[in-house]
Structure formats: structure tokens, C-alpha cells
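Residue numbers (this note's numbering), protein chains in the order written: chain A, 587 to 1223; chain B, 587 to 1223.
All C-beta atoms in this analysis are idealised placements derived from N, C-alpha and C, irrespective of residue type, glycine included.
I have placed the structure first, in the form of C-alpha cells, so that the comments after it can refer back to it.
Number of protein chains: 2
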Amino acid sequence: MSGRNLYLSNIPVEEALDRFRCALEPHKRPPRAEEIAVIDALDRITVAAVFARDNSPLYDSAAMDGIAVKSAATHGASETTPLTLQHGDFLPVDTGDTVRPPFDAVIMAEELQEAGEGNVIIRQAASPWQHVRPVGEDIVQGEMLLPSGHKVRAIDIGVLLSGGITRVAVRSRTTVAIIPTGTELMEPGDARKEGGIIESNSRMLEALVRQGGGAPARLAPVADEYELIRETLRDAASQFDMVLISAGTSAGREDYTAAALRELGEVVVHGVAMKPGKPVILAIVSGKPVIGVPGYPVSAYLAYETFGAVALQALSGGSEVGMSLVRATLSRRLVSSLKHREYVRVKVGTVGGRLIATPLARGAGAAMSLVRADGFCVIEQDCEGIEAGTEVDILLCRDLEDLERTIVSIGSHDLILDLIADELPKHFPNTRLSGTHVGSMGGLMALQNGEAHIAPIHLLDEASGIYNTPLLKKLFPGRQMALIKGPAREQGILVQAGNPLGIKSLADLTRVRYVNRQRGAGTRVLLDYKLKEQGIDPAAIRGYEREAATHMAVAAAVQSGSADAGMGILSAASAMGLDFIPVGKEEYDFALLAESLETEPIRALIAMLKHPVFHQKLEEMGGYQIVGSGEVVRIDC
Amino acid sequence: MSGRNLYLSNIPVEEALDRFRCALEPHKRPPRAEEIAVIDALDRITVAAVFARDNSPLYDSAAMDGIAVKSAATHGASETTPLTLQHGDFLPVDTGDTVRPPFDAVIMAEELQEAGEGNVIIRQAASPWQHVRPVGEDIVQGEMLLPSGHKVRAIDIGVLLSGGITRVAVRSRTTVAIIPTGTELMEPGDARKEGGIIESNSRMLEALVRQGGGAPARLAPVADEYELIRETLRDAASQFDMVLISAGTSAGREDYTAAALRELGEVVVHGVAMKPGKPVILAIVSGKPVIGVPGYPVSAYLAYETFGAVALQALSGGSEVGMSLVRATLSRRLVSSLKHREYVRVKVGTVGGRLIATPLARGAGAAMSLVRADGFCVIEQDCEGIEAGTEVDILLCRDLEDLERTIVSIGSHDLILDLIADELPKHFPNTRLSGTHVGSMGGLMALQNGEAHIAPIHLLDEASGIYNTPLLKKLFPGRQMALIKGPAREQGILVQAGNPLGIKSLADLTRVRYVNRQRGAGTRVLLDYKLKEQGIDPAAIRGYEREAATHMAVAAAVQSGSADAGMGILSAASAMGLDFIPVGKEEYDFALLAESLETEPIRALIAMLKHPVFHQKLEEMGGYQIVGSGEVVRIDC
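Written out as C-alpha cells, the structure is:
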């Protein structure tokens, strides 16, 4: 009985896994990538962040079926003084149709009365931009649609296409060679031979690899001859990302696998303290993981699930996420009608040990809100609404663990948030940033309510001319607060490329069509401050009441020609190819409770803000001042 | 604004679903089937029960690496009287190698000492059949491998191939046509046109259908022209199993979908009380479900998930089952070694409101135990064992709801259990039978411990000559019990086809190689009773100590020639083409607590035992007496 290898080791499962992981560490290489059609990308994993090429909607468009009108021409219409609009003064539109100048509002079909000869009667004036979805409302050109390392879902496919993306770079599938060994093996369906064993394990392994997202290649069975086994292993390890070799792992006369692996590379573990599955081999050949899977079917199954699936997952990245139901505290009051069951998209985060659900935009057109959502809060039909602070059921479509390492950011929008969201998990594994854009004041409100970890703000105190600190002191009296300094940024007027209307300063805004930011946005505070300084009456600016929610939405409105000017940051202008007239520098910082500074995700954020890679990307974008980024200012309010 | 369809209904979600289900009910048809290679069958759903064509192992085979010996020739070997086996008196074998007569036992390599000239020294006698896996130990020819309506998993592929099955009949994938509509639609990547909208919803729907196991076919976008839409719908409904038509569902001027559907078939619901998603249309054309999916992406997503996914599931059958962790009470003591972490396969059932986990066979070779298992109980390495009655974590691989409607049967084996397991869910939706075969006495024990709902038994009381009732009275004193009568069955001696050894009665067993059933099996009790009656000494029967666990395992041993005779039922003989010498009729009944009679699954079992389809299958198998099957006998013990 010479040549037998009677004694296997008996290493505990976790230790075996650790040894295998450590041994594989130096052989890690960047994932192979391929570019594929978006429509084929379901369940594939992005290799880089994907940014929108187009706005969605592409143009200002009707949000309802009805007629497009000139809002100015509807002034005075009321129940007592109905107004007849002549054919030509309006345009019938269906939902999604473009609304072009001179039209700037939509009146719903239900509110119209036919007056013959193609005329209609209206009984209410239309306010500017009512029932109009502004260009880029859902997706703004240049905005990040998906981060890198993201497993593409059905809804992501819709959003990518809407954002003008038809091809996407994804990780190549991990290729896995499966080698059955044994002289006695017969293929299923072969004529029966005395002493033969039907080879079925490799087919089970093939199915398991496929289920795990890998690309299995089952090779022909190899007879129990040392050189044959060795050469097959050598070839497989050079051609595939991973190798499973079936049977030949125990201590029998013809069990050559371990010896061959030792000759070709390193046997990390041979024999694990598990039953069934003990004689598993964990090895490395040419830097590739090779797993010797025992021959008994139950052992093979458990050895694969314990070690093979883990190795495949490590090589392929991305994790499977199912839907799950969790209880979370609602951060904002939700009102709903008794007329329907409502599905409200929410962001979910762990703040102060509690799961907090924050409602997102409720428009049906907001496809990006589906991509951003962590789950749904369902408001049943017999419920009129839910108060803030109530515990609700959330149908979660992300991993709970993931959420616990997610920084919840609510506040002012800046392109650097996309940048941080993409870079953070690359440098600090599993740490994510989830951003909701509601303006600076909205962010501080969320911070007060314990709904956010950080609030990105840029709020000028008009009295002192100082940014952020005065407001914090006013809103958080007696509390220990902090500001993490972001890169200071340049604000200015965004105008069409070439500046055809010759806009030079804020004073010129009175003679063009302006698009403003929403109330509470720092950019709007800055505008008001500057207007007051220069004695300009906001009422003199056409479009002062027209609101867009982000810098990019302002830029999109200007680029599409539906407005002539708007205020925003240089990086938004650059991203959309617009001209930029500087108005001033401002401090864009992250406000938070001082106690949060010690948490791991926040420490990662601070490190990220100081990271050379981040600084380099800022340089490329332009308009940011790197000095001081990531510095912490503690504030006793 | 004529032709508008301003008013949609506002039906609650559940009611809309119910209406749609009811309207589809009369159009139900048997699923289309196709035969495919087993290796391609992952996640596909069987249309019929699949029965093993081969035994596994195919022959008696070595369970260890070592030598095959004649057990009789090892008598007397001990530490003090070692025995030298000459070359030729033994055969070196590896695990899986065939063990052929005259060899009938295996000695492990670790226990051998080389003696030169090819001889070996042994220090312990080998008992007959030690370390030999009998033919059919894992899978017995004719045994049911998978029931109908089963979603094929990776482990099932292994078992099917091991059982000699290379092709399997599965349901054809449900085909789903996806029709985008809208004159304004542009294909992603097309040159931008004024007022155009990038068509992306159909691609999201395509991915969702694919995730649900359907076969999507996305058709070319159709312009907003009534006749075009109607004809496209008509063709799609005739060619596909299901149709999704995107947009054109609200009340706009050009929303022709509802009108076209009304002309072609029936609009069951138009307008559901959900938000987003309200304008969804649920219709039937040519008996096929047609869903009008709203145009806004979020509405489209929710409408599909709420109605489309349900319809697809109803057409495709089979439900997705993930792994989940549950707490269950262990029904038997589990001993494990400190040497390893052990994965014990368990059956799980709800008995008396408690989840009960019953350990299955622990052999690594028992692939069928993987198929039969409902989950795993993991015994950590630092644990020596777990007492019966302890609550343990079970990694469940089946649906909990499923388990609640599963009858847990522990006791004697009969082929009719396979038959019931296959037919039950066809006639009583979601009701299943899960059988563990441990013999009649083992079954009554399980019933006493609250681990089983029913115990199939055939136990002869030697004193009275009466079946089952006397034993129940003895084992369950003072309790209200019941017997559900099974079909009476014929027991006899199984011999090779043509009866080459001329066996005529039990007396002939003393001159052939016999294979017995395990202690506690009703068949063994019957044998002992008959032997005593006829004054035959069991010690005179060679192989009386050799045990097989089921009728089919006995039949497999006889068919393969490793035994000449065994006792069992006629149907087992027929299934394996063996001859059968009748010994007597016996009563095979289902024992249970009287209180269980009122539960729904047990009522379904009783109805099944009386069902004409069941009786017809019994006739085909032969050897059963149908009269009285399903009758209930209440017993006050």
C-alpha cells in the first residue's frame, strides 16, 4: 500500500478559509472587463461609475395630457371670468410631448371646456411652468447613474438607456474549469461497464458555478494517471480564473491530485474539520485558486458551498441582494390619499442605532429615484398618512449590513458628492455615501431630526458675511457640533456657450430668462445676498420664481435653451459645456454632530476628503480649492 | 378633446388581482412541455415525476480504500492471533471500486500491515458486508427522484444523472411579448429627434421577465395608430403566453390600448387604486393575460411587479426559494465529534405548531438525502452533540409555508408513498407528503415523540395474528388514536427472474444467500413470525444479519446478484423484473393521533387514498387490494 497519503490535516473551517484568503491575497488582480450592450447587462457588475450622456426628459415636456399655453396669456381667468383661448394660442399635448417657447405651462384636459371652432375655455390662470417636467428633471447629463462595482438590476437598465447609455463596461464572468477525474468514470448515458461509476458531480458543480454568476467549463474526465492529471491542472490554471478538480482528494492509491498540485503550486490546506467534506484541498496554481472537491456527492456539495462559492464570490465581486422586510422610523410625515395604496420610495440609513427611512421624490417619472431608493414604504389604501417618528414596514431592496456602513447625507447638492459616492467604497471597503439633495436648510433640518449623519451646506450669514458656523450656532444651541471642511468652490452665472446675450454681471439678469434654485438652497441665499448688496429687486428678474433642485438641473435648463441664465457652480457649467461668469467663492462644508466624528464611516469620509485621488479628480473638474479639504472644525454652539 | 377616456376605475390592488385571477381561471391550460438535457435543466420545472433508471451505486462497492476480502476467511484474526492473507485471497480496492463475489467485505487500508510477497497481515476479523456500499444504497432503480412541478436545483442534476436519467421533461418557458407604443419613441442610441423620448421601459420589463424565469420577446415600437396597435396585440396574444404593452394606458388623445383590448377581448380592470401605477390595464385576449403597463418608469416597474410578475408566476409555476435560517426542535439526539464541524441533513415539519427537525442519513455518499433534505443543522466543531428536544438553528432550503402544508410521514416504506407524494400536490394544491423510511417501529416511536403526523406501519401481533391495532394499544395507552387504512398488500420472497434456484417456500431460504430487512421493519417481523410458525431457525439462514433499509434496496440486492433472495412486496419485485413467491397478505396502514384527523393535509391524504386516479395506479403496479383504502378506524387505547 505504498504511495498512500493516509494523513490529512484537520483544520477548522474558518481557519481554512482564512488561510486560503491570505494565500490568494498577493495574487489579486483587477477584474477583467468587457463592454456589452446595456440590454444584456442584467446581473453583471459595473467596472466603473457610469455617467449620464443625455438629460431625461430630453426637453421641457408635458407632465399631463392637456394643452400647452403661454402662462402670461392666461392671467385673469377664473370661475367668474372664464377666458376663451383661440386656436393657435395653445397646443394640444399628451404626457411626454415637448413644451416649446412661447409655451411655458400646461393645463390639464379635465379643466378644459370646448368652445367650438377649435377654441377652448379655461376657468383658472396657469402659473409659469405648471405641469411641465423640466429638461433633466429625472436624469441630468453628467450625473452619476451607477457607481462602480454595482450589480445591474432591471431598473438600472431602464435608467441607463434613458440617460443615453447603450453600452456599459462590466466585469467579465469568472471562468471556472471543472475537471472530473477517475479511470472508472462513465459519462451519463454511456453503455454500462463493469465497475463503472456515472460521473455526475461535475454537472452539479457546473450548475452551482452558473448560479453563482460564474462561467463554468466542464472538461472531459481524466483517468487516474499522475502526468495526465498534472498537465490538465497546469493547462486549466493557466487558462481559467479558477479550477475545481473533482475526486482524487482522499488518501487512496490513485489519489494523485494533492501531489500534482504540490508539484505545480502550493497546497494551502488538505483536510478540513468538516463532515461531510473533510478531504477537500485548497491550493494555488499560477496564482489561481484550485479546489480539490471530494468525490462523494454530499461532500462535493458542501465543499463547494463552503469554499468554492466563497472563492468565486471573491473573484467576481458583487453580492446577491434579495428583498426583505424591516422596521424603520419614518423621518418625515407622509400624507397619502384614501383613494389608493401608495408605494413611496425611501432611503434607509442607520443613524444613532435606529433605522431611519427618508421618503424620496414621489413622481412616477422619476426613474432615478428607483435606482437611488433603498426600499419602499407601502401606505395602504385605508391609511391617510403616517406621522414622522412612526415605525413602519420597509420592503428593503438592499443589504442591511450595507446600510449600516452607509453615510446618510442630506443637504445641498454638489458634484463632489457623486465623486465621493463612487470613490469611497474603492478605498474603504463597504463604506458608502447615500445622498439626498434638498438644499442646505433642508439638510440642517434632517440633522436636527436625527435623519442624517451629515448635512452638506453652504449658508452665508448675511449679517456677518461668514459661512456655515453662524447658522449652526443658531440652529443647534447648546450642542457639540462640527464642520468637516469641503473644498471651497466657485459660484457664478451659467450661460449658453459663447455667452450670446453678453451677460456680464448680476445686473444683466433683469433682461434675460432666469432659472432659480429652490428656497433654502445656499446658492439662492447667495444670490439674494448679492442682489441686496447691489440693490437689485428680485421681482425684476423674469424666472426668479422658476425653481430647479440642483446645479445640474439649472445647467440643463440653460443648455436646452429653456432659460438664458442660472446660478451654480463651475463644475456644473463645465460638465454641460456652458460659459461661467464668476460671482464669488463659497465654503461648502459637511455639518454633523461632534459625536459622529468617531464613527468609522465618518473617519473614512474625512480620509477621503484628504485623499490624493480625490484631489486629482477635483483638479480635473475645476472650480474647487483643495486647501483645507477634510479639516475638522469643532463648534460649541 | 373628443375620444378621450378620462375616467379610469379605482379598484383596490387585491381586488384587481382577484378579478384578474378569476377571469384567467377558465383559460387555464396544461403547461407546454419540452424534453431537455438534464445538464441544462437548472431552475426548470419538471412536468412529471422522474423515476430512477439505474441503481446508485450500480454494484456493491467499496466504501473505503483498502482490500476486499472473503469475510469467512478472516474469522479468528485478532491482535493476539494476526492472520496473513495470501495474494489472491484479497483484492486492493479504492473507494467506489466494485466488490464482487467471492469477496463480501472491505478492510480499511489503515488497519493493514504489509507482509511482503504481496501478502498482508490483518489483526481483526471482517464481518460480512462491512465497509461495502450495497447496490442501490443511495438510489434504487424505480424510486422517485423528483416529483412533478419541482424546480430543478444543482443537487437534483447530480442525482438525476446518478439515477441514469440524462433527459428530463420540463415546462416550456412562459413566452412574454413586450410591445412598446408611442409615435414619439426613439430607440436608445438613435439620433436625437425633436420631441423624441428614448424607449427604455420595454428593456426594463424584458429584464424583469427574464429574472422571473420567462422568455421575453421585445417587439419593435408601434406608432400611436389604432389599427396598428390592435393588430400587433392580436398577433402577440395568439403567438405568446402573455403580453405586456407599454404606455398608452392613461386617458390621453392617442391612448388606444384600452379600446383595442376591448375590441379584441375583455378588459377586466382599467385603473387600480395604487400610486404610482394607477392607469394599469388588466385584460384577456385569446385566453392570454395582457397587461397594459403605464408609461412612467416607476409606474411601469410597480405595475409589473404587482400584476405582471404574479401572472408570469401563475403561468410558469414553481416558486423561488432562498436559504433562510429558522429555529426548530431537534427530534433525535445528534452526536458529533469535536474533530469537525458537521453538516447534518434534516427534514423539517410543523407538528403540533412546532417546527420539528429530523436528522437524515449522514453518509457522504447519500446524494438522495440532499434532494430529500429540507435543510441543514450545523453542529459546530466545539460541540459534542445536541440532545433531542433542543432548539437548534436550521439553514432551510425550502419555503416555510410549504412545510406547514407538508405531512410528515415516518415509518415503514412502500412504493405507494412515492405515488402519494407525487399525486397529492396535483389534486390538493400545496399539500405535500415528506417520507422518511425507518421501519414500522421507528415510525411509532416518532409518532410518540411528536415528530411525525403519520406513521405508515404493518406490524403483526404474534399472539393474536392481528395487524397494527394491538401494537398501537400497547404503545399509546389511554390516548385517542386512529388508523387510516392503506391498501392491503402482498408480501413474498423476491428471487431472480426465472427463479433459477427453484425457491418455493421459506424453508428454501436455508440453502441460498438471503438479504434481510432491518430490525423493527414489519417485513422482518412477518418473516420472524412465519419462521417461528414453521419451526425454521433464523441462524440457519445465510445473510439473516445482512440488512437493507427498504423493499427496493432488497430488490436491488437480488437483482444485482449479490443476494439470491429477500422478502418484500410484489410491487418492488415487479419494478425490478424479479420473480415473486407469495408468503401472505398484510395490512399497511397509517397510524396517527385521532386529533390530527381534522387537519386539512390529513383530510387531503384520506381523499387521496380513496381517489380513482390513485386506485388506477395501484392496479398498474399490482399486488395491492384497493377495498377499504382510506377508511378511518378510531382506536381508544
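| Query | Result |
| --- | --- |
| Within-8 Å CB hit, B:TYR887 to chain A | yes |
| A:GLY878 vs A:GLY851 beta-carbon contact at 8 Å | no |
| Helix, strand or coil at B:MET1162 [DSSP, three-state] | coil |
| Proximity of A:VAL1101 and A:VAL1144 at Cβ, strictly below 8 Å | yes |
| Buried/exposed call for A:ILE1070, threshold 16 Cβ in 10 Å | buried |
| Minimum Cβ-Cβ distance from A:ASP1175 to chain B less than 8 Å | no |
| Contacts that B:SER955 makes with chain A (C-beta to C-beta distance below 8 Å) | VAL884 |
| Exposure of A:PRO1187, with buried meaning 16 or more beta-carbon neighbours within 10 Å | buried |
| Cutoff 8 Å: B:ASN641 Cβ touching any chain A Cβ | no |
| Under 8 Å by beta carbon: chain B residues contacting A:LEU794 | ALA740 |
| Start and end residues, alpha helix (DSSP H) containing B:ILE980 | Premise fails: B:ILE980 lies in the beta strand (DSSP E), 977-982, not in any alpha helix (DSSP H). |
| Residues that DSSP places opposite A:ARG927 in a beta bridge | B:MET860 |
| Three-state class that DSSP yields for A:ILE751 in the structure shown | coil |
| Same chain, Cβ closer than 7 Å to B:LEU1183, neighbours up to 5 away in sequence not counted | ALA1068 and VAL1218 |
| CB contact below 8 Å: B:THR767 versus chain A | no |
| Close beta carbons around A:ALA1007, own chain, < 8 Å, minus the five adjacent residues each side | MET730, PRO733, ARG1018, LEU1019, SER1020 and GLY1021 |
| Test item: CB-CB of A:LEU920 and A:PRO945 under 8 Å | yes |
| Separation of A:GLN1202 from A:VAL866, as counted between CA atoms | 47 Å |
| Interface residues of chain A facing B:GLY782 [CB-CB closer than 8 Å] | LEU644 |
| Neighbour flag for A:ARG590 against chain B, beta carbons, 8 Å | Residue confidence for A:ARG590 is low, a pLDDT of 44 falling below 50, so the modelled location carries little weight and cannot support an answer. |
| Three-state secondary structure (DSSP) of A:MET730 | strand |
| Chain D within 8 Å of A:GLN797, Cβ atoms only | Included in the structure are the protein chains A and B, with no chain D among them. |
| Residue-chain proximity (A:PRO862, chain B), Cβ-Cβ < 8 Å | yes |
| Beta carbon proximity, A:ALA952 to chain B, threshold 8 Å | yes |
| Within-8 Å CB hit, B:GLU990 to chain A | no |
| From B:GLN699, B:GLU1172 and B:LEU1179, residue whose alpha carbon lies closest to that of B:GLY938 | B:LEU1179 |
| Per-residue contacts from A:ILE1002 into chain B (C-beta, under 8 Å) | Residues of chain B passing the Cβ test: none, with the nearest at roughly 28 Å. |
| C-alpha distance - B:LEU898 paired with B:VAL876, whole-angstrom precision | 11 Å |
| Integer Cβ distance of B:THR767 from B:ILE831, believed to fall under 8 Å | 6 Å |
| Boundaries of the alpha helix (DSSP H) in which B:ASN705 is found, first to last residue | No alpha helix (DSSP H) holds B:ASN705; DSSP gives it neither H nor E. |
| Sub-8 Å separation of A:GLY1051 and A:VAL994 beta-carbons | no |
| Separation of B:ARG615 from B:GLY894, as counted between CA atoms | 18 Å |
| Contacts around B:ALA953, its chain only, beta-carbon distance under 8 Å, and the 5 residues preceding and following it disregarded | SER642, ASP724, ILE725, ILE741, GLY744, VAL745 and SER748 |
| Endpoints, the beta strand (DSSP E) within which A:THR761 is located | 761-766 |
| Own chain partners of A:VAL679 with C-beta closer than 6 Å, once the 5 adjacent residues on each side are dropped | ALA648 and ALA654 |
| Beta-carbon neighbours of B:LEU981, restricted to chain A and to distances below 9 Å | What B:LEU981 touches in chain A: nothing, since even the nearest Cβ is about 10 Å away. |
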